[in-house]
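Numbering (this note's numbering), first residue to last: 4 to 347. Just so you know, even glycine gets a beta-carbon here, dropped at the ideal spot from N, CA and C. Model, not experiment: these values are computed from the prediction. Report on the structure given below.
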Amino acid sequence: MAWRPVAAAPLSVVRIFSGIQPTGRKHLGNYIGAIAQYVSSQERGEGIFCIVDLHAITVAYDPAELRERLYDTTAILLAAGLDPSRCILFRQSDVHEHTELTWLLSSVTELGRLQRMHQFRDKELAQRELVSAGLLIYPVLQAADVLAYRAEEVPVGEDQREHLELMRDVARRFNSRFAGGEEVLVVPEHRIPPVGARIMDLQEPTRKMSTTGSSEQGTVYVLDEPKTIEKKIKSAVTDSGSEVRIAEDKPGITNLIEILAAVRGSERAAVEAEFAEARYGDFKGAVADAVVEYLSPVRERFQALRADEAGLERMLGQGAERAREIAAGTLSEVRERMGVGPPG
Ligand code: AQP
Numbered sequence: 004m005a006w007r008p009v010a011a012a013p014l015s016v017v018r019i020f021s022g023i024q025p026t027g028r029k030h031l032g033n034y035i036g037a038i039a040q041y042v043s044s045q046e047r048g049e050g051i052f053c054i055v056d057l058h059a060i061t062v063a064y065d066p067a068e069l070r071e072r073l074y075d076t077t078a079i080l081l082a083a084g085l086d087p088s089r090c091i092l093f094r095q096s097d098v099h100e101h102t103e104l105t106w107l108l109s110s111v112t113e114l115g116r117l118q119r120m121h122q123f124r125d126k127e128l129a130q131r132e133l134v135s136a137g138l139l140i141y142p143v144l145q146a147a148d149v150l151a152y153r154a155e156e157v158p159v160g161e162d163q164r165e166h167l168e169l170m171r172d173v174a175r176r177f178n179s180r181f182a183g184g185e186e187v188l189v190v191p192e193h194r195i196p197p198v199g200a201r202i203m204d205l206q207e208p209t210r211k212m213s214t215t216g217s218s219e220q221g222t223v224y225v226l227d228e229p230k231t232i233e234k235k236i237k238s239a240v241t242d243s244g245s246e247v248r249i250a251e252d253k254p255g256i257t258n259l260i261e262i263l264a265a266v267r268g269s270e271r272a273a274v275e276a277e278f279a280e281a282r283y284g285d286f287k288g289a290v291a292d293a294v295v296e297y298l299s300p301v302r303e304r305f306q307a308l309r310a311d312e313a314g315l316e317r318m319l320g321q322g323a324e325r326a327r328e329i330a331a332g333t334l335s336e337v338r339e340r341m342g343v344g345p346p347g
């Protein structure tokens with residue numbers, strides 16, 4: 004693989020940052036809520052995307068599998084359409100500024116708030132072995148990831164709202180405590196996709212589709228074969244009644260409407276109108292076809308990209324160099340403002 008260098012973005016261009024964990028198998032929720040947004044953001048601004056291996060070690064994991072999953076995730080992102088000549092794509096642990104900034108920002112992060120975070124509490128309860136301090140500090144590392152690049156936008160799913168609010172508060176507190184209110188750290192905006200911000204489990208449509216909390220049958224994986232996708236969607240739990248419409252008491256059908264609208268890039272109302280007279284079976288068939296068509300090109304491109312680990316490493320290394328140039332500038336200003344290290 005040969006990658007062209009990243010062109011410098013003009014100053015007025017919006018800077019967009021997001022991170023994704025190299026854990027588990029990436030699913031349709033990750034794809035619609037995050038990956039598809041990353042790809043489209045390349046048209047709108049300077050995208051910086053990070054595979055967050057340091058986040059992945061905060062729960063029980065296998066070191067050899069972590070490396071495999073890192074390459075899987077990198078190849079999925081490229082297969083989805085991330086183009087290293089138009090964005091920066093790198094591995095978090097290659098840029099040490101993330102961990103240094105985490106420590107510096109921990110001094111302006113409220114401990115009680117970390118302890119109350121929903122994701123921490125859910126994972127703490129689910130954790131069978133050690134609950135690591137890393138799991139608690141996770142949102143500070145996430146804040147450092149974004150703030151190191153002074154990113155203006157963070158495209159992520161609805162489940163990240165609480166973490167985004169925390170990082171905005173950390174930036175504000177830093178600016179007020181150490182920069183006299185000047186925006187040394189940019190307060191980022193959460194960018195949620197208009198449709199598909201919270202894709203639900205096909206078997207338990209009141210829970211989000213997730214890597215750790217969902218069943219195999221309830222989760223469509225990006226790399227699932229067409230037949231598997233079809234089977235999962237056709238056996239999705241639906242609700243009593245027979246109308247295809249969005250309603251609180253119809254979480255299964257509402258989720259399928261959301262999925263179809265998201266993969267088609269259309270509105271939920273347009274899907275409802277089109278299938279107003281349809282039976283559940285026909286509607287599910289249409290959703291299955293659309294999802295297969297949506298994910299198939301990604302699965303096909305993935306194979307060749309994943310086979311070239313040396314090429315993936317080279318590309319990640321080049322991305323990390325470019326990322327480090329930006330993050331090092333922020334770190335030197337943060338250190339200076341905090342009085343850490345030699346002056347000037
Ligand atoms: N169900 C979902 N619908 C829409 N967006 C989703 N995201 C996750 N689930 C859904 C978004 O995917 C991005 C990447 O997530 P990640 O892999 O870095 O970790 P995560 O958020 O922990 O993903 P999971 O699958 O939900 O894993 P667990 O089970 O560990 O919690 C994020 O932007 C997220 O919003």
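Selected residue, minimal CA-CA separation from residue i, among the options
{"i": "Val390", "options": "Phe286, Thr333 and Asp172", "result": "Any property of residue 390 remains undetermined from this structure, which presents the chain solely from 4 to 347."}
{"i": "Arg338", "options": "Ala82, Glu127, Trp106 and Gly268", "result": "Trp106"}
{"i": "Val295", "options": "Pro229, Glu336, His166 and Thr209", "result": "Pro229"}
{"i": "Glu168", "options": "Pro142, Leu128 and Arg282", "result": "Pro142"}
{"i": "Glu127", "options": "Thr61, Pro197 and Ala279", "result": "Thr61"}
{"i": "Gly27", "options": "Ile51, Arg72 and Gln45", "result": "Arg72"}
{"i": "Arg89", "options": "Leu133, Gly137 and Ser43", "result": "Ser43"}
{"i": "Arg175", "options": "Ala146, Glu161 and Gln163", "result": "Ala146"}
{"i": "Glu156", "options": "Ile195, Val343, Gly342 and Ile38", "result": "Ile195"}
{"i": "Gly221", "options": "Leu259, Met341 and Ser109", "result": "Leu259"}
{"i": "Leu291", "options": "Tyr224, Ala272 and Ala279", "result": "The residue asked about is misnamed: residue 291 is Ala in this sequence, not Leu. With distances taken between Cα atoms, Ala291 lies closest to Tyr224."}
{"i": "Ala200", "options": "Gln24, Arg18, Ile35 and Pro25", "result": "Ile35"}
{"i": "Pro66", "options": "Pro25, Ala279 and Leu80", "result": "Pro25"}
{"i": "Phe181", "options": "Glu68, Leu108 and Val134", "result": "Leu108"}
{"i": "Thr76", "options": "Phe305, Pro346 and Ile329", "result": "Phe305"}
{"i": "Gln206", "options": "Ile236, Gln45 and Gly32", "result": "Ile236"}
{"i": "Leu226", "options": "Ser245, Glu270, Glu280 and Tyr297", "result": "Tyr297"}
{"i": "Arg271", "options": "Val198, Ser218, Gly216 and Met212", "result": "Val198"}
{"i": "Met341", "options": "Ala310, Ala82 and Gly183", "result": "Gly183"}
{"i": "Glu277", "options": "Thr215, Val247 and Gly84", "result": "Val247"}
{"i": "Leu104", "options": "Leu334, Pro345 and Val343", "result": "Leu334"}
{"i": "Gly32", "options": "Met212, Pro346, Arg309 and Met170", "result": "Met212"}
{"i": "Leu144", "options": "Met170, Ile202 and Leu69", "result": "Met170"}
{"i": "Glu161", "options": "Leu133, Ala129, Ile202 and Ile249", "result": "Ile202"}
{"i": "Ile79", "options": "Ala250, Lys29, Leu69 and Glu328", "result": "Lys29"}
Spatial neighbours of residue i in its chain, beta-carbon cut-off 8 angstroms, leaving aside the 5 residues before and after
{"i": "Asp148", "result": "Phe20, Gly22, Cys53, Val55, Gln95 and His101"}
{"i": "Ser15", "result": "none"}
{"i": "Asp252", "result": "Asp242"}
{"i": "Gly336", "result": "Correcting the residue type first, residue 336 is Glu in the shown sequence and not Gly. Closer than 8 angstroms at Cβ, skipping near neighbours: Val187."}
{"i": "Ser245", "result": "Arg282 and Tyr283"}
{"i": "Trp6", "result": "Any reading at Trp6 must be qualified, since the residue scores a pLDDT of 45, below 50, and its modelled position is unreliable; the value itself is stated next. Contacts found: Pro87, Ser88, Arg317, Met318 and Gln321."}
{"i": "Glu132", "result": "Ala63"}
Anticipated Cβ contact below 8 angstroms, residue i with residue j, distance rounded
{"i": "Gln122", "j": "Leu139", "result": "About 11 angstroms; that fails the 8 angstroms criterion."}
{"i": "Tyr41", "j": "Gly50", "result": "6 angstroms"}
{"i": "Val98", "j": "Ala330", "result": "6 angstroms"}
{"i": "Pro208", "j": "Gly137", "result": "No, Pro208 and Gly137 are not in contact; Cβ-Cβ is about 32 angstroms, not under 8 angstroms."}
Near the ligand MG: residue i beta-carbon under 7 angstroms from a heavy atom
{"i": "Thr61", "result": "Although the ligand MG was asked about, the structure shown includes only the ligand AQP as ligands."}
Contacting residues, own chain, Cβ-Cβ under 6 angstroms from residue i (five flanking each side not counted)
{"i": "Glu312", "result": "Tyr74"}
{"i": "Arg210", "result": "Asp204"}
{"i": "Ser135", "result": "Thr61"}
{"i": "Leu315", "result": "Tyr74 and Thr77"}
{"i": "Ala279", "result": "none"}
{"i": "Leu81", "result": "Leu308"}
{"i": "Ala83", "result": "Ile38, Val42 and Val301"}
Close-in-space but distant-in-sequence residues of the same chain around residue i (CB under 7 angstroms, 5 per side omitted)
{"i": "Glu185", "result": "Asn178"}
{"i": "Phe93", "result": "Cys53, Leu319, Gly322, Ala323 and Ala326"}
{"i": "Glu233", "result": "Ala291 and Val295"}
{"i": "Pro158", "result": "Ile19, Ser21, Ala37, Gln40, Tyr41, Ser44 and Arg194"}
{"i": "Ala10", "result": "For Ala10, the predicted structure reports a pLDDT of 43, less than 50, and the residue's modelled location is therefore unreliable. A value from the coordinates is still provided. Closer than 7 angstroms at the Cβ level, and outside the excluded window around Ala10, lies no residue."}
{"i": "Val274", "result": "Ile260, Leu263 and Ala264"}
Where the beta strand (DSSP E) through residue i begins and ends
{"i": "Ala92", "result": "According to the sequence displayed, residue 92 carries Leu and not Ala. Looking at the DSSP string, the run of the beta strand (DSSP E) that includes Leu92 is Cys90 to Arg94."}
{"i": "Pro158", "result": "Glu156 to Pro158"}
{"i": "Arg194", "result": "Glu192 to Arg194"}
{"i": "Glu49", "result": "Gly48 to Ile54"}
Residue i: first and last residue of the uninterrupted alpha helix (DSSP H) it sits in
{"i": "Ser109", "result": "Glu100 to Ser109"}
{"i": "Val356", "result": "Here the chain covers residues 4 to 347 and nothing more, so residue 356 does not appear."}
{"i": "Arg327", "result": "Glu312 to Met341"}
{"i": "Ser21", "result": "Premise fails: Ser21 lies in the beta strand (DSSP E), Val17 to Ile23, not in any alpha helix (DSSP H)."}
{"i": "Ile256", "result": "Pro254 to Arg267"}
{"i": "Phe278", "result": "Per DSSP, Phe278 belongs to no alpha helix (DSSP H) and is neither H nor E."}
{"i": "Tyr224", "result": "Taken as a continuous stretch (DSSP letters only), Tyr224 belongs to no alpha helix (DSSP H), as it is neither H nor E."}
{"i": "Pro66", "result": "Pro66 to Ala83"}
{"i": "Asp172", "result": "Arg164 to Phe181"}
{"i": "Ala39", "result": "Ala39 to Ser44"}
{"i": "His30", "result": "Element bounds for His30: n/a, residue is neither H nor E."}
{"i": "Arg131", "result": "Per DSSP, Arg131 belongs to no alpha helix (DSSP H) and is neither H nor E."}
{"i": "Arg119", "result": "Leu114 to Arg119"}
Quiz item: For the 8 angstroms Cβ check, are there 3 or more pairs between the region 301-309 and the region 251-265?
Solution: Touching, no, given that fewer than three Cβ pairs across the two stretches are closer than 8 angstroms.
Quiz item: Would you call the region 187-195 and the region 148-164 touching, i.e. three or more CB-CB distances under 8 angstroms?
Solution: Yes, they touch.
Quiz item: Does the region 229-242 come close enough to the region 281-298 that 3 or more CB-CB pairs lie under 8 angstroms?
Solution: When C-beta atoms of the region 281-298 are compared with those of the region 229-242, three or more pairs fall below 8 angstroms, so the two segments count as touching.
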